Amino acid sequence: MAPENSPAVLIFGDSILDTGNNNYIETLVKSNFHPYGEDFPGGLPTGRFSNGRLISDFIGENLGIKASLPPYLDPSLQAKDLVTGVCFASACSGYDPETPMLTAVPSIPNQLDLFRQYMAKLRTLVGEQKSKAIIESSLYVISAGNNDVGATYFLAGRKSSSDMDSYANFLVGQASTFIRQLHGLGARKIAHLSTIVTGCVPASRTVFGGIGRPCFEESNDLAILFNEKLGYELERLRDDARFPNLSTTFLDVYTPLFDIIQRPENYGESV
1 MAPENSPAVL
11 IFGDSILDTG
21 NNNYIETLVK
31 SNFHPYGEDF
41 PGGLPTGRFS
51 NGRLISDFIG
61 ENLGIKASLP
71 PYLDPSLQAK
81 DLVTGVCFAS
91 ACSGYDPETP
101 MLTAVPSIPN
111 QLDLFRQYMA
121 KLRTLVGEQK
131 SKAIIESSLY
141 VISAGNNDVG
151 ATYFLAGRKS
161 SSDMDSYANF
171 LVGQASTFIR
181 QLHGLGARKI
191 AHLSTIVTGC
201 VPASRTVFGG
211 IGRPCFEESN
221 DLAILFNEKL
231 GYELERLRDD
241 ARFPNLSTTF
251 LDVYTPLFDI
261 IQRPENYGES
271 V
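Start counting the sequence shown at 1; every next residue gets the next number (my numbering).
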């Protein structure tokens, strides 16, 4: 993928990557209060669903672009940030259209519309030729599907009308459409994260775990199924001649996270 040659990082998806867009929309899904941000430079909440920085930020820093990736919806966004990359991701979004509707956050198609808006601003700022070069050589990172397999399937009536295999296929179809649309707008280097271990997050264990709050294995099973199908689809798209110069990468975060949960002592943690 040669991400080291990328002049900018452009981020889409959910709370795994959202650097604060939900601060600027009407939704109850926010993280602009303590203890969020206590380990972030300055020690204040930024809208990231984390005590510190996110994968989005670390990617930008490791590529030598910038240490903190700003949310696109921040009204104080600087013109220079458009050139080096922004974040369109929104916590609680997902590939199932029902998912963002539950919490009134930007859907994946909404995020694509914001990207089109960004492209127009970039053209005005640096001109047609340079903006085209930036769009085609930037690194695109996506994290989506977590809220679909962790909540929507089980809470929004999807389970009663669709088995896990069919639902995973549906989500992968949505992901494929999104990636093809990004390619049509000029994106060439696209990385997609797997889901996290959705059945073991605190909310899932609280809602579905019952007494003792164990991991919700049905959600984990659906996550594994989605991740497997998504990996194959990314390979298929990469090899499809209809999408010239498309480079796709599947980033498995599920496996290392599951290992941390199962064997925390190997990572210097205790439960």
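Quick reminder that beta carbons are idealized off the backbone N, C-alpha and C, glycines included.
Owing to the predicted nature of the structure, the values given are computational and were not obtained by experimental measurement.
| Item | Value |
| --- | --- |
| Which complete alpha helix (DSSP H) runs does the segment 101-142 hold, if anything under 4 residues is left out? | 108-126, 128-137 |
| Of the residues Phe243, Gly231, Gly268, which one's Cα is nearest the Cα of Tyr254? | Gly231 |
| Can you give the Cα-Cα distance for Arg213 and Arg263, rounded to whole angstroms? | 18 Å |
| How far does the alpha helix (DSSP H) with Ser56 in it reach, from first residue to last? | 55-62 |
| Please report the distance separating the alpha-carbon of Tyr153 from that of Ser143. | 17 Å |
| Name the residue from Arg188, Arg205, Leu225 whose alpha carbon lies nearest to the alpha carbon of Ser194. | Leu225 |
| Within a Cβ cutoff of 6 Å, which residues of the same chain sit near Ala223, ignoring the five residues on either side of it in sequence? | Val149, Thr195, Thr198 |
| What runs of the alpha helix (DSSP H), each 4 residues or longer, lie entirely inside the segment 172-208? | 202-208 |
| To the nearest angstrom, how far is the alpha carbon of Ala67 from that of Ile55? | 11 Å |
| Ala91 and Asp18 look like a contact to me (Cβ under 8 Å); what is the Cβ gap, rounded to whole Å? | 5 Å |
| Looking at chain B, is there any beta carbon in it that lies within less than 8 Å of the beta carbon of Leu237? | Absent here is chain B; the protein component of the structure consists of one chain. |
| When you compare only the Cα positions, how much space is there between Met1 and Phe208? | Confidence in Met1 is poor, its pLDDT being 46 and thus under 50, which makes the residue's placement unreliable; the coordinate value appears in the next sentence. Taking the straight line joining both Cα atoms gives about 39 Å. |
| Can you tell me which of the three DSSP states Val149 falls into? | helix |
| Do Ala89 and Asp14 count as a contact pair if the criterion is CB distance below 8 Å? | yes |
| Which runs of the alpha helix (DSSP H) spanning at least 4 residues fall entirely within the segment 220-262, listed in chain order? | 254-262 |
| Do the segment 117-134 and the segment 162-178 make contact, defined as three or more Cβ pairs closer than 8 Å? | no |
| Let me check one thing: in DSSP terms, what residues is Leu10 bridge-paired to? | Tyr140 |
| Taking 7 Å as the limit between beta carbons, can you name the residues of its chain near Asn62, skipping five residues before and five after? | none |
| From the DSSP output, in three-state form, read off Pro264 for me. | helix |
| Within a Cβ cutoff of 7 Å, which residues of the same chain sit near Tyr95, ignoring the five residues on either side of it in sequence? | Ile108, Ala144, Gly145, Asp148, Leu171, Gln174, Ala175 |
| For Asn23 and Gly47, what's the separation of their Cα atoms in angstroms? | 6 Å |
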